[in-house]
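**Student:**
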Amino acid sequence: MFENYLPIAILAGVAVVLAILLMTLSRVLGPYRPNKTKLDPYESGMDPVGDAANRYSISFYLVAIAFIVFDVEVVFVYPWAVSYLDFGPGTLVSMIIFILELYVGLIYLIKKGALDWDLKKGMFN
Amino acid sequence: MEPVTTTSYIVLGIALFMLLNSAALAVYAERRVAAFIQNRWGPNRVGPYGLFQPIADVVKLLLKEDVTPARGFKTIHAIAPMIPVFTALMTVAVIPFGDGLYATDINSGVLYILAINSLGVYGITLGGWASNSKYSLLGGLRAAAQMISYELPMGLAVASCILFAGSLSFIDVVNSQEVWWNVIRNPIAAVIFIVTAFAEANRTPFDLPEAEHELVGGYHTEYSSMKFGMFFLAEYMHVVVGSMLITTFFFGGYHLPFAGLWLPEMGVTAKAILDVSVFVLKTVFFAFLFIWVRWTIPRFKYNQVMKLGWKRLLPISIFNFLGLAVIVYFWHHYIA
Amino acid sequence: MDTKHIKNDVDPKFLKKHQESLYDALEDKHTTVEILDEDPLNTKMVLNMGPQHPATHGVLRLILQLNGELIEKAKLDIGYLHRGIEKIAENKTYQEFMPYTDRTDYLSPYSNNVAFCTAVEKIANVEVPERAHYIRMIGSELSRISSHLLWLGTMVQDTGAVSFFLWTFREREKIYDIFDHIGGHRFTISHARIGGVANDLTDDALAMIKDFVNEFPQELKDFHGLLDRNRIFFDRNRGVGVLPTERALEIGATGPTLRGSGYAYDIRDFEPYARYDEVEFEIPTRLEGDNLARYYVRMEEMHESIRIIRQCLDKLPKGPVRTDNAKQAYPSKDEVYYSMEGMIHDFMMTDTGICPPEGSESFHSIEAPKGELGYFIQSNGTGHPWRLGIKSPSYANLQALEDMLDGEMVADTVIMIGGVDPVMGDSDK
């Protein structure tokens, strides 16, 4: 059973080695002459204002949260899709109810404006 | 599940080699097709028809200075470009290139592909964040939001294929399409999958994470040398992998149209050659589609991407999945 | 970040005072409207867009205050391409200064030449022959098409369709070739002269213009076909950067930006110069005031330009192309080479130049591709202008940008800059 995963493990090893090899090669072959101006972050030729790795807008997190909810739905769907033909109509009906419940959640999300990014409509703007 | 044999390792080796090659070829193809669309010549100096141009590109990138922004997070900045390359390479393990020509057959192949594919977003987001540049950060955030949003319709579109295959193994998915390709049985999901494949590969019209016009390169603004080269390489590998997945899930993999009905029995070698050529041809066509779209249509705006993903594709894919589930159920139990 | 104290977070390496006052302005701009401008969650970001940015049409600088992808406030900083052209004029004779006008709005050099020459002709009372008027009109309209093609290419490229840029440039290439045959230069043509134009149209040039006029409408139709019903392009432009008519007039927007906002003002029609009163054309106007309206206005203007060129070619009269007054214009090269008087006149024109009456002043403006381009000249009776001022359309139109940007998204900035179509050489002078 698990020996089928052996090629994947080998592939993972090859991929990592390849990635590191490319990075090292460029480090070895390329010149390295840093100076302060060169290492400044790019901000259209002006002096950067503040730090970029600050807190950023909450709207991005909302998408992430909504994603998790619906991704769980998708994960549930897979094992069901493989084997639902072997069971009675009850499985089908319960899955339809489950998905529709989540769909109501999606409608709520849309109506609430959590996915609107315009200034006037958005939830947090 | 077939056991792993020596053939598997040979296939794995060739597939890995060809994927790296095809990324280089895709770069060349992109430049030539772009030139053709724009009434130019494109690269035609390095080697015959400019075929060695990708090699020259890589050599140039290797010899460039590797700049890490002083205010950035150096370790993450270095690790980030490896992730997309890693995920793109990992996908070839489970894709069947012909009858019996695959590296391994695992009973969760589809889940494996989806999982590996969604890891790619880490590279881009971390790269954007670790650069500590605002343009990079915006690009990284866009990439994260876009790629996770489009994973849902993609997952449901794939799930609706599983209904026909009844298995999460790629071999079964392809074999279920021996007569009827999924694109005929399930056209809506095919369209959704192609659109989401574009979004997952960050290609026009979904190339907002790099958006060279407003974000000046987006997540890879602060990358140079081979670190940039790896993002670049990964993008083209994702194009090739995306084309392979479109082929495998919806266009019958290595099967000719309605092959089960008319294709006669053949010897092992002949069948292998036929299968691989059919698979490669389809992949090349979709890779061409990726390039064609890139050079002809404009880019979405961020809110339009979100609107398309959440308000259009997701509901459509949900109802498509439910509808197909009901139809398949009744077909299976009461008609067939 | 705390937008109240941006100034403390930045350490300018040059022009310290100027930069600090800019960030100050960003803090204060809307204090009268938004009293609650605190940022307790610390989620706002101040982003410099330009001057070294690929999509800001040169060296335009925008300072944006972002909340996620939204622009809450925008400040404009121009002047990075200031070359002191108006001051240079004071040390040049009128004719010597004319080639400098090519370098202001370098996308429509011919219009600038015509604008400057008509202004000088107005102050010095120079008669221009009929044929020269028509040649100037043909040149101006060609340069209008050329300028609008560049706008179309870059604006559509800014939306992400990269190939479009090269397709419009193929057409511009034809116009450059025509200019090459008209005046011997492709880019900075300097063809208009005070009192006429440098030389007559050759048969070659005429044939090329005719070919272009016949072929271009089909290309324009193709451009329309590619963009008008492209859903992504349409959605990205409609309702973006709305500039209401009143606001456009208050700001002083001109040209397609004003006409896109629903005010049908075109100098060619209201105060005709050259012979625009003898040709028929429409003034394309849209009421919406958004970026799509400006797109349609410019596209239709190209149609109208073709129409004007066709009529000019039909009506093109015979005759001289430069006034035959040795005190007002250069003599022809034939005269200079083969007659003593001609050479003396040529020498005098180069040395002293044309001298408008002392104390006279005049302002004359034309409809350049970007809008109203005016030259204000004060004379002290010598061959050099005492003062020369340029009213450039890009400068006026750029002022609308701050208004338009507030409340839009980051991706819209480049499209809106494209929609306003500034040329920094024109704006900064």
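Chains as they are written, first to last, in my numbering: chain E, 1 to 125; chain B, 126 to 461; chain W, 462 to 890.
Even glycine gets a Cβ: it sits at the ideal position worked out from N, Cα and C.
1) Kindly indicate if chain B contains any beta-carbon less than 7 angstroms away from that of L866/W.
2) Against chain W, does G113/E count as a neighbour if the rule is that its beta carbon must be under 7 angstroms from one of theirs?
3) Taking 8 angstroms as the cut-off, does the stretch 195-205 of chain B touch the stretch 256-270 of chain B (at least 3 CB pairs, one atom from each stretch)?
4) Please state the DSSP three-state secondary structure of G122/E.
5) Could you pull the start and end residues of the beta strand (DSSP E) that R522/W belongs to?
6) Considering just the uninterrupted stretch of the beta strand (DSSP E) at W166/B, what are its terminal residues?
7) Report the neighbours of W420/B on chain W: residues whose CB is nearer than 9 angstroms to its CB, in chain order.
8) Does any residue of chain B have a CB that is nearer than 7 angstroms to the CB of N4/E?
9) What do you get for I398/B, buried or exposed, if any count of 16 or more other CB atoms within 10 angstroms of its CB means buried?
10) At the level of alpha carbons, what is the spacing between R759/W and P515/W?
11) Apart from the five residues just before and just after S604/W, which ones in its own chain have a Cβ nearer than 6 angstroms to its Cβ?
12) By DSSP, does I220/B sit in helix, in strand, or in coil?
13) Taking DSSP as the reference, what is the three-state secondary structure of K490/W?
14) In whole angstroms, give me the CA-to-CA distance for V494/W and L710/W.
15) Considering Cα atoms alone, identify which of H764/W, L859/W, V507/W, Y799/W is closest to P678/W.
16) Does the count of Cβ pairs from the stretch 633-646 of chain W and the stretch 802-811 of chain W closer than 8 angstroms reach three?
17) Under a three-way DSSP split, which group does V69/E fall into?
18) DSSP state of E495/W, grouped into three classes?
19) Would you list the residues sitting across from P846/W in a DSSP beta bridge?
20) Based on Cα-Cα distance, which residue from S482/W, I546/W, F837/W lies nearest to D889/W?
21) Measure from the C-beta of T874/W to each C-beta in chain E and report whether the shortest distance is under 7 angstroms.
22) Using a Cβ-Cβ cutoff of 7 angstroms, what residues of the stretch 409-440 of chain B are near chain W? List them in chain order.
23) Identify the contact partners of S147/B in chain E, using a Cβ-Cβ distance below 9 angstroms as the criterion.
24) Does any CB atom of chain E fall closer than 7 angstroms to the CB of S442/B?
25) Should the stretch 377-396 of chain B be regarded as contacting the stretch 332-351 of chain B, the criterion being three or more beta carbon pairs within less than 8 angstroms?
26) Taking just the CA atoms, how far does S826/W sit from L834/W?
27) Which of helix, strand or coil does DSSP assign to N232/B?
28) In chain order, which alpha helix (DSSP H) runs of at least 4 residues are fully inside the stretch 636-664 of chain W?
29) Can you grab the Cα-Cα spacing for the pair P209/B / G713/W, in whole Å?
30) Measuring alpha carbon to alpha carbon, tell me which of R783/W, E749/W, I539/W ends up nearest G702/W.
31) Could you spell out where the beta strand (DSSP E) holding M506/W opens and where it closes?
32) Can the beta-carbon of R522/W be found less than 7 angstroms from the beta-carbon of G529/W?
33) Going along chain E, which residues have a C-beta under 8 angstroms from T229/B?
34) Under 8 angstroms, CB to CB, which of the residues in the stretch 19-46 of chain E have a partner in chain B?
35) Any idea which residues DSSP pairs A735/W with across the strands?
36) Going by Cα to Cα distance, which pick from N35/E, Y32/E, Y42/E, L25/E is closest to L340/B?
**Tutor:** Walking through what the data contain:
1) As a first step, residue 866/W is located in the third sequence; it is residue number 405 there, counting from the start. With 7 angstroms as the cut-off, L866/W does not count as an interface residue toward chain B.
2) Along the first sequence, one-based indexing puts residue 113/E at 113. Chain W contact via Cβ: absent.
3) yes
4) Residue numbering aside, residue 122/E sits at position 122 when the first sequence is read from its first letter. Below a pLDDT of 50, predicted positions are generally treated as unreliable, and G122/E, at 49, falls in that range; the measurement from the model is reported next regardless. In the structure shown, G122/E sits in coil (DSSP, three-state: anything other than H, G, I, E or B).
5) In the third sequence, counting from the first residue as 1, residue 522/W sits at position 61. From DSSP, the beta strand (DSSP E) with R522/W extends over 522-528.
6) As a first step, residue 166/B is located in the second sequence; it is residue number 41 there, counting from the start. Here W166/B belongs to no beta strand (DSSP E), and DSSP marks it neither H nor E.
7) Here residue 420/B refers to the residue found at position 295 of the second sequence. Simply A622, V623, S624.
8) Here residue 4/E refers to the residue found at position 4 of the first sequence. For N4/E, the answer is yes, since a Cβ of chain B falls inside 7 angstroms of its Cβ.
9) Here residue 398/B is taken as the residue at index 273 of the second sequence, counted from 1. So I398/B counts as exposed.
10) The residue given as residue 759/W occupies position 298 in the third sequence. The residue given as residue 515/W occupies position 54 in the third sequence. Near 23 angstroms, if we compare the C-alpha coordinates of P515/W and R759/W.
11) As a position in the third sequence, residue 604/W is number 143, starting the count at 1. Contacts found: S569, Y571, S572.
12) Taking the second sequence and counting its residues from 1, one reaches residue 220/B at position 95. Three-state result, I220/B: coil.
13) Looking up residue 490/W in the third sequence gives position 29. Confidence is the limiting factor: at K490/W the pLDDT is only 48, short of 50, which leaves the residue's position unreliable, though a coordinate-based value still follows. In this structure, K490/W counts as coil in the three-state DSSP scheme.
14) The residue given as residue 494/W occupies position 33 in the third sequence. The residue given as residue 710/W occupies position 249 in the third sequence. Confidence at V494/W is low in this model, with a pLDDT of 33, below 50, so the placement of that residue is unreliable and no value is reported for it.
15) Counting from 1 along the third sequence, the entry for residue 678/W is found at position 217. The candidate whose alpha carbon is nearest that of P678/W is H764/W.
16) no
17) As a working note, residue 69/E is residue 69 in the first sequence. Note: V69/E maps to helix in three-state DSSP.
18) Reading the third sequence from its first residue, position 34 is the one you call residue 495/W. Confidence at E495/W is low in this model, with a pLDDT of 38, below 50, so the placement of that residue should be treated as unreliable; the coordinate-derived value is given next. Here E495/W sits in coil by DSSP.
19) Walking along the third sequence from the start, residue 846/W turns up at place 385. BP columns for P846/W point to S840/W.
20) Taking the first residue of the third sequence as position 1, residue 889/W is located at position 428. The shortest Cα separation from D889/W among S482/W, I546/W, F837/W belongs to I546/W.
21) Residue 874/W sits at position 413 when you count from the first residue of the third sequence. Judged by the 7 angstroms Cβ criterion, T874/W is not in contact with chain E.
22) W420, T421, I422, P423, R424, F425, K426, Y427, N428, Q429
23) Within the second sequence, the letter at position 22 stands for residue 147/B. Going along chain E, no residue has its Cβ under 9 angstroms from S147/B, so there is no contact; the nearest lies around 15 angstroms.
24) Counting from 1 along the second sequence, the entry for residue 442/B is found at position 317. With 7 angstroms as the cut-off, S442/B does not count as an interface residue toward chain E.
25) no
26) Residue mapping note: residue 834/W aligns to position 373 of the third sequence, counting from 1. Residue mapping note: residue 826/W aligns to position 365 of the third sequence, counting from 1. Approximately 5 angstroms between the Cα atoms of the pair.
27) Stepping through the second sequence from its first residue, residue 232/B is reached at position 107. Correct three-state label for N232/B: coil.
28) none
29) Working through the second sequence from its first residue, we reach residue 209/B at position 84. Working through the third sequence from its first residue, we reach residue 713/W at position 252. If you take the alpha carbons of P209/B and G713/W, they lie about 50 angstroms apart.
30) Working through the third sequence from its first residue, we reach residue 702/W at position 241. Checked all of R783/W, E749/W, I539/W; the closest Cα to G702/W is E749/W.
31) In the third sequence, counting from the first residue as 1, residue 506/W sits at position 45. 505-510 is the span of the beta strand (DSSP E), which, as asked, contains M506/W.
32) On the third sequence, position 61 is the one that residue 522/W refers to. On the third sequence, position 68 is the one that residue 529/W refers to. Cβ distance not < 7 angstroms, so R522/W and G529/W don't count as in contact.
33) In the second sequence, the residue the question calls residue 229/B occupies position 104. Result: N4, Y5, L6, P7, I8.
34) A19, I20, L22, M23, L25, S26, R27, L29, G30, P31, Y32, R33, P34, K36, K38, L39, D40, P41, Y42, E43, S44
35) Residue 735/W sits at position 274 when you count from the first residue of the third sequence. According to DSSP, which records beta bridges pairwise, A735/W is partnered with nothing at all.
36) For the purposes of this step, residue 340/B is taken as the residue at position 215 of the second sequence. Taking only the C-alpha atoms, the option nearest L340/B is Y42/E.
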